[in-house]
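One structure is given below, encoded as structure tokens.
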Amino acid sequence: MSPILTPPEIDRRHRAHESDNGSGRRPPTDKLTGGNGEGGDNWNDRPQGRRGPRERLSQVRMGLFFGLFAVLMFFIAIVSAFFVTRASGHFDAYSHYVNEWLPTTIPSILWLNTAVLLLSSASAEMARRSMFREVDVMDEWIGLSRRTSQRAAAWLSVTLGLGGLFLVGQWIAWDQLAAQHVFFRSNPSSHFFFLITIAHAIHLFIGVSALIAALIGLRRSHKLASRQILVDATVWYWHAMGLLWIFLFVLLEYGQ
Amino acid sequence: MHSAQAIATGQRFWRLPVDASAHGPALDTHLLLNLWIALALLALAHLILLAGLAFRRRASRPVHTLLLEYLPLAALTLLFAFLAARAQQLWAAQRYTGASLTAMQVEVTGMQFAWYFRYPGADAAFGETKPTLVAPGEGNPLGLDPADRHGADDLVTSQLVLPAGREVDLALHAQDVIHGFSVPEMRLKQNAVPGQTAHIHFTPTQPGSYAILCTQLCGLGHYRMQATMLVLPPAAFDTWLQAHEAAAGKRGQP
Amino acid sequence: MTAQHSRWTHHRTVGFGYVAISLAAACVGTVLSLLMRLHLTWPAWSLPLHGLILPEEYLALVTMHGTLMLFFVLTVAPQSGFGNLILPAQIGARRMAFPRLNAASMGLTGLALLVLLAAFFVPGGSPISGWTAYPPLSATALAGPGQGEGMDVWLAAIALFSLASTLGAINTLTTIVKLRGEGMSWQRLPLTVWGWFTAALLSVLVFSVLLAALAMLFCDRHLQSGFFLPTGDLVNGVLLQHHGDGSPLLWLHLFWFFGHPEVYIAILPGMGLTSMVLANFAHRRVFAYRLMIATTLLIGFLGILVWGHHMFVAGLNPFAGSAFALSSMAIALPSSAKVLSWLATIWRSRPRLTTPMLFALGFVSLFITGGLTGPILAQPILDEYLHNTFFVVAHFHLIMAMAGIFGLFCATYYWFPLLFGRLLSEPLGKLHFAGTLIGAYGTFLPMHLTGLAGEPRQYAQLTGGGSGPAGQLLQTTLPLQHGITYAAFFLACAQLPFLLNLVLTLRSHLLATPNPWSATTMEWASQDFDEASTEDKPTGLVTYRGPCHYSEDGVSFLPQWESGATSTLPPE
Ligand code: HEM
Ligand SMILES: [Cu+2]
Ligand SMILES: [Cu+2]
Chain A
1 MSPILTPPEI DRRHRAHESD NGSGRRPPTD KLTGGNGEGG DNWNDRPQGR RGPRERLSQV
61 RMGLFFGLFA VLMFFIAIVS AFFVTRASGH FDAYSHYVNE WLPTTIPSIL WLNTAVLLLS
121 SASAEMARRS MFREVDVMDE WIGLSRRTSQ RAAAWLSVTL GLGGLFLVGQ WIAWDQLAAQ
181 HVFFRSNPSS HFFFLITIAH AIHLFIGVSA LIAALIGLRR SHKLASRQIL VDATVWYWHA
241 MGLLWIFLFV LLEYGQ
Chain B
1 MHSAQAIATG QRFWRLPVDA SAHGPALDTH LLLNLWIALA LLALAHLILL AGLAFRRRAS
61 RPVHTLLLEY LPLAALTLLF AFLAARAQQL WAAQRYTGAS LTAMQVEVTG MQFAWYFRYP
121 GADAAFGETK PTLVAPGEGN PLGLDPADRH GADDLVTSQL VLPAGREVDL ALHAQDVIHG
181 FSVPEMRLKQ NAVPGQTAHI HFTPTQPGSY AILCTQLCGL GHYRMQATML VLPPAAFDTW
241 LQAHEAAAGK RGQP
Chain C
1 MTAQHSRWTH HRTVGFGYVA ISLAAACVGT VLSLLMRLHL TWPAWSLPLH GLILPEEYLA
61 LVTMHGTLML FFVLTVAPQS GFGNLILPAQ IGARRMAFPR LNAASMGLTG LALLVLLAAF
121 FVPGGSPISG WTAYPPLSAT ALAGPGQGEG MDVWLAAIAL FSLASTLGAI NTLTTIVKLR
181 GEGMSWQRLP LTVWGWFTAA LLSVLVFSVL LAALAMLFCD RHLQSGFFLP TGDLVNGVLL
241 QHHGDGSPLL WLHLFWFFGH PEVYIAILPG MGLTSMVLAN FAHRRVFAYR LMIATTLLIG
301 FLGILVWGHH MFVAGLNPFA GSAFALSSMA IALPSSAKVL SWLATIWRSR PRLTTPMLFA
361 LGFVSLFITG GLTGPILAQP ILDEYLHNTF FVVAHFHLIM AMAGIFGLFC ATYYWFPLLF
421 GRLLSEPLGK LHFAGTLIGA YGTFLPMHLT GLAGEPRQYA QLTGGGSGPA GQLLQTTLPL
481 QHGITYAAFF LACAQLPFLL NLVLTLRSHL LATPNPWSAT TMEWASQDFD EASTEDKPTG
541 LVTYRGPCHY SEDGVSFLPQ WESGATSTLP PE
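Chains as they are written, first to last, in UniProt numbering: chain A, 1 to 256; chain B, 1 to 254; chain C, 1 to 572.
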């Protein structure tokens with residue numbers, strides 16, 4: 001039977017064997033190892049069969065971490081192009097230096113959208129926490145209730161609603177710009193405004209899909225641990241997209 | 001004066017092409033030094049490899065990391081540092097400073113699939129060009145603006161003619177895509193990137209005619225995007241320039 | 001707790017899928033390269049059923065050859081192919097971390113290959129701007145045939161590939177970090193795993209940068225943006241209608257930020273494998289094991305900092321050129337450290353010269369030969385003369401293409417008994433090795449000379465340029481061109497013994513003994529626990545020590561999974 005994980009429990013276990021979090025670091029007894037895996041690293045008595053839900057959770061989180069790192073690099077590439085382009089211009093036929101960069105006025109609705117996204121992160125965190133509430137988790141594990149999942153589903157639905165609202169808000173922002181005849185193609189600054197916001201919206205859309213998948217999983221999945229992992233990963237992704245948006249928003253608002 | 005033929009027949013694939021620029025000999029020396037060192041290291045490494053295999057009596061496992069790793073690495077570090085420092089001196093001499101003020105100004109423009117060269121004429125100033133005015137069919141491949149009086153005496157050629165012994169400052173442009181301006185015999189290479197100007201300066205020393213090749217893939221005609229650099233003795237160059245500028249000047253009159 | 005996994009998501013299935021993809025790409029890529037050589041040597045030769053090869057068709061061959069080989073062979077086969085086939089067993093794990101994601105990235109890679117090959121059949125044909133796709137050539141259909149639909153198809157294929165590689169790398173990294181079996185500490189990991197690990201780190205880092213660049217190039221092509229296009233760009237008589245003044249150099253930076261690490265992604269697994277195989281057959285430990293781990297990581301790290309050495313004469317600031325020269329020279333040092341370790345490991349060890357050992361030795365030789373020209377190219381003043389000549393072609397074919405292929409052959413011969421239970425024939429294998437080594441050097445060594453003589457890359461034709469100095473310069477290289485082409489065909493024919501070997505061995509009923517090479521790494525223990533099983537239960541294996549515990553007298557060895565009893569090496 002799979003044990004169930006609760007964050008306090010994980011923490012307790014962590015403290016017990018500080019160095020063995022299942023990721024393969026050396027135990028503290030091991031002062032120095034010779035090359036070639038030599039020396040007195042007493043690794044042989046690590047517990048066998050590390051394939052419980054705790055390990056699955058940490059695997060998923062690690063995979064997600066590497067994925068988010070790749071997403072970060074994607075945006076770093078675009079943002080560095082942003083700075084390069086902002087600084088570049090050319091000499092026109094009359095030897096005047098022209099810089100075509102016209103800062104795009106950021107529609108004020110983006111402030112609202114940012115607030116909505118922050119709220120959605122809060123509700124997502126509520127969902128995640130409720131998945132790990134010890135008392136309820138015990139009940140659900142024994143089969144007395146599905147209170148954790150129901151509560152998490154409620155919070156996730158709120159997140160989904162807010163996330164959808166954010167996307168609609170972004171759409172309105174693009175529409176407002178279009179009404180002022182600012183399009184993707186208009187000038188270098190608008191290229192980047194649209195590229196960044198649209199690329200972020202696509203990533204957020206993936207988050208919305210993950211939320212929907214998590215909601216379905218909460219109903220369908222028979223294993224509590226799987227439901228916990230699903231919600232946990234979705235919510236961390238969501239947080240990361242929120243954080244990313246803050247950076248991008250600050251860049252667009254103040255960095256142009 | 002060398003004829004093109006003499007240069008060509010003197011050339012073999014195991015030799016570097018003729019070296020006809022002032023900075024060239026130093027570059028060649030350094031290149032050959034590098035090649036010989038690489039060859040020596042190549043031979044040494046393979047010798048060790050084969051010798052290590054050839055011994056039929058098994059020796060005990062080598063353990064001296066210091067001797068076998070760090071010491072050779074230190075030696076290689078010194079060697080590479082030495083080569084890099086020498087290369088850096090040559091690079092700095094060629095690229096860190098611009099041409100001298102007395103250098104001859106020529107503008108080079110690459111386009112699919114030809115090179116054009118422009119001399120500023122008597123006023124020593126290039127006229128404006130506009131992409132909208134480009135009309136190769138009407139003899140205006142660069143889009144010279146007739147409204148600009150600086151352009152009236154500009155001389156546009158498809159052959160780069162230069163005097164021997166005088167520093168030249170080339171301003172490289174590209175009209176459409178990236179091209180690579182390369183003159184192997186001048187040990188010269190610099191890409192021409194649309195939207196920006198790249199300056200490169202050098203001094204041709206030997207009269208003769210040399211190949212200008214495009215060395216940046218630029219489309220289906222990349223392989224035939226070639227031109228000739230004709231280096232003349234100073235007196236012959238002056239005659240050539242006067243004759244052509246006179247003709248250009250006449251054409252420039254309304 | 002045991003769980004059943006589908007056979008489709010089993011890492012061996014996925015690994016074989018990847019290998020099949022790269023095998024298909026390698027076959028097509030080889031044919032394309034032979035066509036290129038034929039055309040260069042005999043420009044009047046006409047391809048049966050097709051006719052003369054036009055200049056744009058030659059460039060299409062160049063582009064597709066480079067793209068297929070670099071992305072779909074040298075990135076896919078070592079990292080994803082053998083990474084899946086061997087990695088889990090080598091770290092004492094039962095599976096990859098995310099089997100379904102794994103299968104999905106394999107499917108995406110296959111799809112990317114199909115999309116890329118579709119470029120041959122779209123109107124205008126395949127793109128002609130090389131694997132580096134510099135704009136504005138790649139940014140507008142006006143720039144040449146193949147730059148319309150063909151280029152779009154190329155962009156789509158590479159975007160899919162980037163996505164797939166990123167997902168695959170996430171999987172590899174998580175597997176190595178989280179799934180190592182009992183007793184498998186970081187220092188006990190075989191160097192192959194370190195190679196896969198570092199290459200996966202690089203993949204996660206750079207493929208998304210490429211993806212971003214591809215997205216921006218797509219916008220420039222279809223949405224009138226100007227990320228990479230300057231104002232007033234006149235292509236083919238048409239003034240490009242776009243807004244903003246971008247710079248083609250921006251693409252070069254983004255591309256090479258990806259491109260240089262990419263070539264290390266291609267070679268790092270091979271470097272790790274070479275270390276392990278040399279030690280295996282020399283019956284020794286890897287010399288300076290911890291230093292080898294360090295240099296693997298250092299090469300990965302420095303690899304991120306050297307991209308500018310592809311841009312010395314591309315319009316880069318000359319001061320930046322000096323800085324990139326420094327970092328590029330620096331990367332030669334960890335590479336040299338590896339070579340020294342290889343030489344020391346086999347020094348007077350009286351190794352068993354089996355076919356995998358020979359290919360590992362060939363890898364060392366090619367890596368040295370190709371590597372020595374690296375520091376030459378890394379000196380800006382010399383690169384000014386050598387950039388985009390055949391000297392560079394020789395450099396990267398020896399160090400990346402040929403060394404990479406030797407690594408793949410080494411892996412194939414070495415792990416064949418593990419994967420198929422049979423040993424490939426040694427005589428045929430040695431014939432294959434000799435032919436491939438001679439062919440490789442015969443083809444690529446003379447290219448140094450043609451490059452030094454000034455022959456530029458990507459020229460559709462060397463003759464017919466007229467009798468001007470340009471035509472004469474190119475003609476000096478003609479005496480070598482025939483030899484190179486013959487050697488290239490020889491190299492291709494040298495693969496026939498290999499194919500024959502595969503067929504004969506797979507049909508034979510002679511089964512290999514378990515652990516026929518007296519190897520010490522964990523994957524050879526897997527024969528005891530039925531690696532192919534899809535059941536997700538503990539392997540029951542424990543790693544007791546680092547790899548390559550061979551006794552000093554060369555009589556016995558201790559595999560990683562054996563608790564104490566030594567095994568005896570077979571007499572020769
Ligand atoms: C010893 C370390 C190395 C140094 C210092 C080095 C240096 C260079 C330099 C400076 C260039 C640019 C030449 C030019 O375009 O003008 C280059 C090109 C190249 N190198 Fe290396 N290199 C090294 C090792 C490697 C390795 C290990 C690989 C691959 C496994 C590799 C693959 C390539 C490729 C593919 C190109 C050509 C890319 C293209 O233009 O299409 N190099 N190298
Ligand atoms: Cu060109
Ligand atoms: Cu590189």
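All C-beta atoms, glycine included, are put in the ideal place defined by N, C-alpha and C.
Here the distance from the Cβ of H222(B) to the nearest heavy atom of ligand 2 is below 7 Å. In chain order, G226, T231, H243, G244, D245 make up the part of chain C whose C-beta sits under 9 Å from the C-beta of E100(A). Collapsing the DSSP output to three states places Y544(C) in coil.
At a cut-off of 8 Å between beta-carbon atoms, R185(A) makes contact with chain C. Between the stretch 472-479 of chain C and the stretch 414-434 of chain C there are fewer than three C-beta pairs closer than 8 Å, too few to call the two in contact. Between ligand 3 and the CB of V209(C), the shortest heavy atom gap is not smaller than 7 Å.
Taking C-beta atoms under 8 Å as the contact rule, L110(A) and S189(A) fail to qualify, at a distance of about 15 Å. If you look at R56(A), you'll find it in the alpha helix (DSSP H) that goes 53-86. For chain B, the residues of the stretch 451-465 of chain C that bring a beta carbon within less than 7 Å of one of its beta carbons are L452, A453, G454, P456, Q458, Y459, A460, Q461, G465, in chain order. The secondary-structure analysis by DSSP pairs L144(B) across a beta bridge with T129(B). Straight across, the Cα-Cα distance linking H239(A) with R128(A) is about 11 Å. As the crow flies, the alpha-carbon of L500(C) is around 17 Å from that of A20(C).
Looking at the DSSP output, V161(B) bridges to L230(B).
Judged by beta-carbon spacing, F433(C) lies within the 8 Å limit of T355(C), meaning their Cβ atoms are closer than that value. V122(C) has its alpha-carbon roughly 46 Å from the corresponding atom of L218(A). If you check the CB distance, F98(C) and G207(A) do not come in under 8 Å.
Taking F75(A) as reference, the option from V62(C), M216(C), V14(C) with the minimal CA-CA separation is M216(C).
Rounded to the nearest angstrom, the gap between the Cα atoms of L358(C) and A512(C) is 20 Å. One finds Q59, M62, G63, F66 in chain A with Cβ atoms closer than 8 Å to the Cβ of T174(C), taken in chain order. Annotated three-state conformation of K189(B) is strand, per DSSP. Taking 8 Å as the threshold, the shortest C-beta distance from A294(C) to chain A does not fall below it. Residue-level contact by beta carbon holds for I170(C) and chain A, with a gap shorter than 8 Å. Pairing S551(C) with M402(C), the inter-Cα distance amounts to about 34 Å.
Along the stretch 98-130 of chain C, the positions whose C-beta sits under 8 Å from a C-beta of chain B are I128, S129, G130, read in chain order. Using a CB distance cut-off of 8 Å, L223(C) counts as an interface residue toward chain A. Of the heavy atoms belonging to ligand 2, none sits nearer than 7 Å to the Cβ of F117(B).
The residues F74, F75, I78, in chain order, have a CB closer than 8 Å to that of A199(A) in the same chain once the five nearest residues on each side in sequence are set aside.
In the DSSP secondary-structure assignment, C214(B) is bridged to F181(B). With a threshold of 7 Å, the Cβ atom of M229(B) does not count as near ligand 2, since no heavy atom of the ligand is closer than that. From the beta-carbon of V209(C), the residues of chain A found nearer than 8 Å are M73, F74, I76, A77.
If you draw a 10 Å sphere on the C-beta of W14(B), you find fewer than 16 other C-beta atoms in it, and that means exposed.
Within the stretch 49-73 of chain C, those residues whose Cβ lies closer than 7 Å to any Cβ of chain B are, in chain order, P55, E56, L59.
Relative to ligand 3, the nearest heavy atom lies less than 7 Å away from the CB of H310(C). In the structure shown, F287(C) adopts coil according to DSSP, grouped into three states. For ligand 2, residues qualifying as neighbours are H179(B), C214(B), C218(B), M225(B), where qualification means a beta carbon closer than 5 Å to at least one of its heavy atoms (chain order). Close partners of L254(C) in chain A (Cβ separation under 9 Å): A77, S80, A81.
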